[in-house]
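Per this note's numbering: the sequence shown = residues 6 to 442.
Beta carbons: idealized from backbone N, C-alpha and C, even for Gly.
Notes follow once the structure below has been shown.
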Amino acid sequence: MKEEDKLSKIVALCKRRGFVFQGSEIYGGLAGTWDYGHYGSELAHNIKELWWDHFVRNQDDVYGLTSGTLMPEPVWKASGHLDGFTDPMVECKKCHHRFRSDQLENKNKCPDCGGELGEEKTFNLLFPVEMGSVAGTKNTAYLRGEIAQGMFVNFKNYIDTLHPELPFGIAQVGKAYRNEIAPRDFLFRVREFDLMEFEYFIREDTWEEHFEKWRTEMWVWIEKVGIDKDMVHELEVSDGDRAHYSKRTIDFEFEYPFGRKELYGLAYRTDYDLKKHMAEAGVDLQYTDSSTGERFIPHVIEPSMGHGRTMLAVLLSAYKEDEMNGEKRIYLAFKPAVAPVKVAVFPLLKNKPELVAKAKEIFSILRKEFKSVEFDDNGNIGKRYRRQDEIGTPFCVTVDFETLEKGEGVTVRDRDTGKQERVGEGELLNYLKQKFA
Ligand code: GAP
């Protein structure tokens, strides 16, 4: 399979099987927005849940946050986003399409129609929102361009309510909005996306040790979620290319079909944000060391993981084509923890009530344990297997006549090998639990 074809095959599969649809599709689609269907929502939810378990619940010193997506103008003034969150833009004089000029090979000619390009302008990526309805007043808020500012503006609340000792982190998963000039490449560059990220507050002299710790942990996560490690490469971001707040950044780049590009970022944000908010808001954001009484502004290490790009890298890593029983097949080799459906249960035939009843009994036992379990009695069994392969279900359980008449248990089919094993009815739950462990 050609790498260039892989993205269009995945986009087609995502639509065909109900993972991802173009946002507001019946109105021609809104560029840079995507809607997740049933299986896409399950996959998205499982990734967030796994991330939260890994980076919040399994850590001793990381606390969760869910902050508002609307934040007032002074937040973005203090953070530097009002002035610095910009991309260089050019517009075609003929077709009026807009492009990021730093991504164009020929800065004079429109790549879409060949027309002449206008002069380069600086374009701010924040989405302004007019708030309130009092006549004559103008109150501009912004849809958050990064979720990190939620952690900084709540820093004092965590100090006052949880009294944590340094180092500690504040983590959140939630929406960010960026008015990208040229959204493209499916879930890669969009205007509305979820971020999974935390700010880890530290003493300045320990930044290198914590940077290394989270760098290692990000690799553990990459493997855990099912991204092919061989397709991920670290890039030390050079001085001129780093964000305005960062003293050191490593990008984790992924080999997408459209090139090697950023998947995640790890940044040393110093005390930049807390210092700026302290000055802008006029609120003391210093930390007090409980044993020495020393007061200072903590520094910050920030592991930042885009959720949509995780979805895309997981899909690209999981997508497989092979031949089974003389037929071509497509399957998604998801890790069980993120698979939208964990197990599917089939009666061999739809018109045999005793097979259907037994399959339903097994289905309800498995659903209690694994939650996302499907029952399917439609069409021939081969078709049902193919459908589950395409949505990435790790195991299919089939109830047949041997189950009923000879008490020989059910068959359990493995998605990746297509091999079937007979498993006693009483052992099925433990058998599957072990497979998922
Ligand atoms: N708080 C730091 C921050 O927001 P960033 O590099 O601007 O840093 C973090 O973004 C992550 O968000 C990126 O590593 C990427 O995974 C994701 N991301 C950024 N822009 C995106 C976009 N337009 N569409 C989808 N994901 C995006």
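Excluding five sequence positions before and after valine 158, the CB atoms of its chain that fall closer than 7 Å to its own CB belong to Val80 and His282, given in chain order.
Judged by DSSP in its simplified three-state form, phenylalanine 441 adopts helix.
Lysine 266 has its alpha-carbon roughly 39 Å from the corresponding atom of glutamate 374. Ranking His249, Phe368, Trp56 and Thr254 by CA distance to the CA of leucine 200 puts Trp56 first. Taking 3 residues as the minimum length, the beta strand (DSSP E) runs contained wholly in the segment 69-120 are 75-77, 91-96 and 103-105, in order along the chain. Taking a contact to require three or more Cβ pairs closer than 8 Å, the segment 55-74 and the segment 165-179 qualify as touching. Within its own chain, no residue has a Cβ closer than 7 Å to the Cβ of tyrosine 32 once the five positions on either side in sequence are excluded. Only residues of its own chain outside the window of five on either side were considered, and among them Pro93, Met94, Val95, Lys112 and Glu125 have a CB closer than 7 Å to the CB of serine 106, listed in chain order. When the beta-carbon positions are compared, valine 67 and phenylalanine 206 stay at least 7 Å from each other. Here histidine 304 carries a strand assignment [DSSP, helix/strand/coil]. Within 6 Å of the C-beta of glutamate 228 there is not a single heavy atom belonging to ligand 1. With contacts defined as CB atoms closer than 7 Å, arginine 253 and glutamate 307 fail to qualify as a contacting pair. Around the beta carbon of leucine 167, fewer than 16 other beta carbons lie within 10 angstroms, which makes this residue exposed. Using a Cβ distance threshold of 7 Å, serine 322 and isoleucine 232 count as a contacting pair.
Here DSSP, grouped into helix, strand and coil, assigns glutamate 258 to strand.
The three-state secondary structure of valine 67, taken from DSSP, is strand. With a 10 Å radius around the Cβ and a threshold of 16 neighbouring Cβ atoms, histidine 86 comes out buried.
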